[in-house]
Structures are given as structure tokens and as C-alpha cells.
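In this note's numbering, the protein residues as written are 5 to 96.
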Amino acid sequence: MGNVQITVEIPEDAYLTLSSSGYSKGRISTEAKGLLAVHLFQNGLLSLGKAAELSGYGLGVFIDFLNELQVPVIDYEEEELEKEFKAVVELR
5 MGNVQITVEI PEDAYLTLSS SGYSKGRIST EAKGLLAVHL FQNGLLSLGK AAELSGYGLG
65 VFIDFLNELQ VPVIDYEEEE LEKEFKAVVE LR
């Protein structure tokens, strides 16, 4: 499948502030895609792989990015985690 281009407008003052801090349009775009991917992954709307693809990062880099933001890659609820541990014990 191909890509869909989406344009995001930001206020000129915000852009000038970011630009004076070393942010290019490309960097703003890259970081915005990364943060959108994190948000959608965190809310269960995208899988880890699809979120990494959206971000434009490789899977390992995206996992590192999640770690930097303190977003868990695996987030089991207590009940699910107990089931997993029980299944592992039964395999032994």
C-alpha cells in the first residue's frame, strides 16, 4: 500500500519559536508522527508494529522511543498477567 499525505498547520509564532530552537519542518513532522504513533499505540488503536511503521522508525528504535517516554511495550492487566504465569507453570 502507498502513503497518504496529511498536512498539519501550526501557528506561525509556534513555528518561529521552534525554528529558532533548531527545529526544521522535517524534524517537527518526524516528532509529530512519532508522538501520534505513541498515542495511538498507548490507546490500543495500533499494534506495536503498525505504530512503529506510522512513526517512521524501525521497531527497535520505536521501542526505545516508548521507553524514553516511559510507555510500557507490554501492558497486561493483573488478571491477564496471572493467566500468563499460570500457563507458563503448566508448561513445565
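Every residue, glycine too, gets a C-beta built ideally from N, C-alpha and C.
Below 8 Å on the Cβ atoms is my guess for residue i versus residue j; work out the distance and round it to an integer in Å.
{"i": "Leu-73", "j": "Val-42", "result": "6 Å"}
{"i": "Leu-106", "j": "Leu-58", "result": "Since the first residue of the chain shown is 5 and the last is 96, residue 106 is not available in this structure."}
{"i": "Gly-53", "j": "Thr-34", "result": "About 19 Å separates the two Cβ atoms, so there is no contact after all."}
Starting from residue i, trace the alpha helix (DSSP H) in both directions and tell me its first and last residue.
{"i": "Gln-46", "result": "29-46"}
{"i": "Ile-67", "result": "63-72"}
{"i": "Tyr-19", "result": "16-24"}
{"i": "Ser-59", "result": "52-59"}
Does the separation of the CB atoms of residue i and residue j fall below 8 Å?
{"i": "Gly-4", "j": "Phe-69", "result": "In the structure as shown, the chain starts at 5 and stops at 96, and residue 4 therefore has no counterpart that could be examined."}
{"i": "Ile-32", "j": "Leu-44", "result": "no"}
{"i": "Ala-36", "j": "Val-8", "result": "no"}
Rounding to the nearest angstrom, what Cα-Cα distance links residue i and residue j in this structure?
{"i": "Asp-87", "j": "Arg-96", "result": "Correcting the residue type first, residue 87 is Lys in the shown sequence and not Asp. Cα to Cα, the separation comes out at about 15 Å."}
{"i": "Arg-66", "j": "Leu-85", "result": "The residue you asked about is not Arg; residue 66 is Phe in the sequence shown. Each residue's alpha carbon lies about 24 Å from the other."}
{"i": "Leu-40", "j": "Gly-6", "result": "19 Å"}
{"i": "Ser-25", "j": "Pro-15", "result": "16 Å"}
{"i": "Lys-90", "j": "Tyr-80", "result": "14 Å"}
Quick one: is the Cβ of residue i within less than 7 Å of any heavy atom of the ligand FAD?
{"i": "Met-5", "result": "You won't find the ligand FAD in this model; it holds no ligand whatsoever."}
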